[in-house]
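Notes follow the structure.
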Amino acid sequence: MREWLKDYRIKKELTQTEVASRIGVARTTYAMYEQGKRTPSFKIAKKIANTLEFNFEKFLDE
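Residues in the sequence shown are numbered consecutively from 7, following the working numbering.
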């Protein structure tokens, strides 16, 4: 589970739908990223990191 990803989103006061829209994926796809059921591509990981303002290398720490 990527609880940290959800935490970053909540700190930015964004919904899953808002993040998904900003990074160009469906809300269900983004939800799977948060749940750890799916791993984002390098390109999408960078978009998530930019949107939520954290270093994308955090994905590599898992």
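Don't be surprised by glycine CBs; every beta carbon is placed ideally from N, CA and C.
Mark F65 as exposed unless 16 or more other C-beta atoms lie within 10 angstroms of its C-beta, in which case mark it buried.
buried
Tell me which residues share the same chain as F60 and place their Cβ nearer than 7 Å to its Cβ, disregarding the 5 neighbours each side in the sequence.
Y14
Using CA atoms only, rank isn't needed, just tell me which of D67, K17, T45 and L58 is closest to S27.
When each option's Cα is compared against that of S27, the closest is L58.
Comparing C-alpha positions only, which one of K53, N56, Y36 and K52 sits nearest to R8?
Y36
Note down the Cα distance separating K17 from V25, rounded to an integer number of angstroms.
Rounded to whole angstroms, K17 to V25 spans 12 Å at the Cα level.
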